[in-house]
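Asks:
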Amino acid sequence: MSMESPEHEAAPSPPRNRTKETIRAIKWRLGLVLFALVAIPVLLLPRRLAVGLGARGGRLVFLLMGKLRRKTVAHIESAYPYLGTLEEWDPAAGTPEEIARRTFANIGRTAVEIIKLYFGQGKGLVDRTELRGLEHVRAAKARGKGVIFITGHCDNWELVAHAFGTNAEGMAVVARRQKFEPLTRLLERLRNRHGNSIIYSEGAARQIFFRLRKNAAIGLLMDQSVPFHEGELVEFLGRKAWTTTMPALMAARTGAALVPGFGHREGDRHVVEFFPEIAPDPSGDPIATTRLLNRAIEQYIARHPDQWLWVYNRWKRVTREQQG
402 MSMESPEHEA APSPPRNRTK ETIRAIKWRL GLVLFALVAI PVLLLPRRLA VGLGARGGRL
462 VFLLMGKLRR KTVAHIESAY PYLGTLEEWD PAAGTPEEIA RRTFANIGRT AVEIIKLYFG
522 QGKGLVDRTE LRGLEHVRAA KARGKGVIFI TGHCDNWELV AHAFGTNAEG MAVVARRQKF
582 EPLTRLLERL RNRHGNSIIY SEGAARQIFF RLRKNAAIGL LMDQSVPFHE GELVEFLGRK
642 AWTTTMPALM AARTGAALVP GFGHREGDRH VVEFFPEIAP DPSGDPIATT RLLNRAIEQY
702 IARHPDQWLW VYNRWKRVTR EQQG
């Protein structure tokens, strides 16, 4: 029996916090029920038809969810002037609203494909995915220091990992645990396949270091906002964003190669393209190296603007004063 005095006992959560947690848990459970209901027709339909309906569903969400639509368009509008300065940008990509509409269609396609993958119907998707630039991966592996793949929430990022694990040698993907534990377990079942594995971001540095020492491959989605104590403010699409500097720090410490790799759609199939490794900034400054890594993601977005996850607020938690 504990002999702690009352003042050392854990204080009960405030009622408001408990109410928020309850509401969040209900939302997640409703989301899982919706996932199951949507999954049934998706699994019964042929792949091409299901993916086509997914695109229509995404466009319908674009029309019906005004708040999310406006937020997405605003994100594109804020980056639009900067995108226009990049060599890879094609003005024919259209207006921010046109890009947003196609983005929602791509999210709908991706959702359908993930359902197919999760329930074991993704072989056709993986087999039809082409890997380009593997010579850059082989050159990086030949150095024997490990490889850190720099990528983002582009195209169908789950399929990218599956295709690499199936047709190459697999990787350990760095991910965050979901706030709703059943969703974490659901994603684990999807990601721990085809030679891939997960490293959770909490305390990930030691595992990453250990694997790189064995010349393994690590996949890291760098386009997520991190808490201020986990990263630095680094420019991204013309504005400062909280960005992880872990890849830059790990490359400096271990000599691992930093190799960009992204997926994109070509017609009804996917292409995963790898690019030459990015040399760390000569100054050794991790922020300068991280800026180079962000630029690789920006170049991808400029080439395929409707296949990045614009609905996500990449610049959250950055104040006006910090933006300067």
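So for the sequence shown, my numbering puts the first residue at 402; every next one is plus one.
Beta carbons are placed, not taken as given, at the ideal position from N, Cα and C, and that holds for glycine.
Under the three-state reduction of DSSP, which class applies to L655: helix, strand or coil?
Replies: The sequence given here has Thr at residue 655, not Leu. If DSSP states are grouped into helix, strand and coil, T655 belongs with the helices.
Asks: Nearest-angstrom Cα distance between A494 and E536?
Replies: Each residue's Cα considered, the two are about 30 Å apart.
Asks: Where does F520 sit, in a helix, a strand or coil, going by DSSP?
Replies: Correct three-state label for F520: coil.
Asks: Can you look up F663 in the DSSP assignment and give me helix, strand or coil?
Replies: If DSSP states are grouped into helix, strand and coil, F663 belongs with the strands.
Asks: Under 7 Å between the Cβ atoms of G534 and F675?
Replies: Yes. Within cutoff.
Asks: Pairs of beta-carbons, one from the region 494 to 509 and one from the region 439 to 459, closer than 8 Å: are there three or more?
Replies: Cβ pair count under 8 Å is three or more, so yes.
Asks: In chain order, what residues of the same chain lie with their CB nearer than 7 Å to the CB of D730, ignoring the 5 residues before and after it?
Replies: This structure gives no information on residue 730, because the portion of the chain shown stretches from 402 to 725.
Asks: What is the DSSP secondary structure of T423, counted as helix, strand or coil?
Replies: Helix.
Asks: In its own chain, which residues sit with a C-beta less than 6 Å from the C-beta of V538, not counting the 5 before and 5 after it?
Replies: Same-chain partners within the cutoff: F675.
Asks: DSSP has E531 in a bridge; who is on the other side?
Replies: Paired residues: V672.
Asks: Provide the residue(s) that pair with R692 in DSSP beta bridges, ordered along the chain.
Replies: DSSP output for R692 lists no bridge partner at all.
Asks: Does the structure place the region 540 to 547 close enough to the region 473 to 481 that three or more beta carbon pairs sit under 8 Å?
Replies: Touching, no, given that fewer than three Cβ pairs across the two stretches are closer than 8 Å.
Asks: Compute the beta-carbon to beta-carbon distance between H563 and V513, rounded to the nearest angstrom, for a pair I have assumed lies under 8 Å.
Replies: No, H563 and V513 are not in contact; Cβ-Cβ is about 15 Å, not under 8 Å.
Asks: To the nearest angstrom, how far is it from the Cα of L444 to the Cα of T646?
Replies: Cα to Cα, L444 sits roughly 40 Å from T646.
Asks: The alpha helix (DSSP H) that contains A475, what's its start and end?
Replies: Here the alpha helix (DSSP H) through A475 covers 467 to 484.
Asks: With distances taken from CA atoms, which of K517, G664, R670, R692 is nearest H705?
Replies: Closest by alpha carbon: G664.
Asks: Using the beta-carbon count (16 or more within 10 Å), is D556 buried or exposed?
Replies: D556 is buried by the Cβ-count criterion.
Asks: Given a cut-off of 7 Å, decide if P497 and Y481 are closer than it, judged by their beta-carbon atoms.
Replies: For Y481 and P497, yes; Cβs fall inside 7 Å.
Asks: So, with DSSP's three-state summary, where would you put E589?
Replies: Helix at E589.
Asks: Is there contact here, the region 570 to 578 with the region 678 to 695, by at least three beta-carbon pairs under 8 Å?
Replies: The region 570 to 578 is not in contact with the region 678 to 695.
Asks: When DSSP labels each residue in this structure, what does E636 get in the three-state scheme?
Replies: Note: E636 maps to strand in three-state DSSP.
Asks: Tell me whether the beta-carbon of F550 lies closer than 7 Å to the beta-carbon of R502.
Replies: No.
Asks: Just tell me which of K468, G523, I500, G432 has its CA closest to the CA of L446.
Replies: Ranking K468, G523, I500, G432 by Cα distance to L446 puts G523 first.
Asks: Could you check whether H671 and L518 sit closer than 7 Å to each other, using their CB atoms as the reference points?
Replies: No, the Cβ-Cβ distance between L518 and H671 is not below 7 Å.
Asks: Which of the three DSSP states, helix, strand or coil, is assigned to A576?
Replies: A576 falls in the strand class under three-state DSSP.
Asks: On the DSSP letters alone, give me the boundaries of the beta strand (DSSP E) that V719 sits inside.
Replies: Premise fails: V719 is in no beta strand (DSSP E) and is neither H nor E.
Asks: Identify whether H409 lies in helix, strand or coil by the three-state DSSP scheme.
Replies: Low local confidence applies: a pLDDT of 43 at H409 is under 50, so the model's placement there is unreliable, with the coordinate-based value given in what follows. Note: H409 maps to helix in three-state DSSP.
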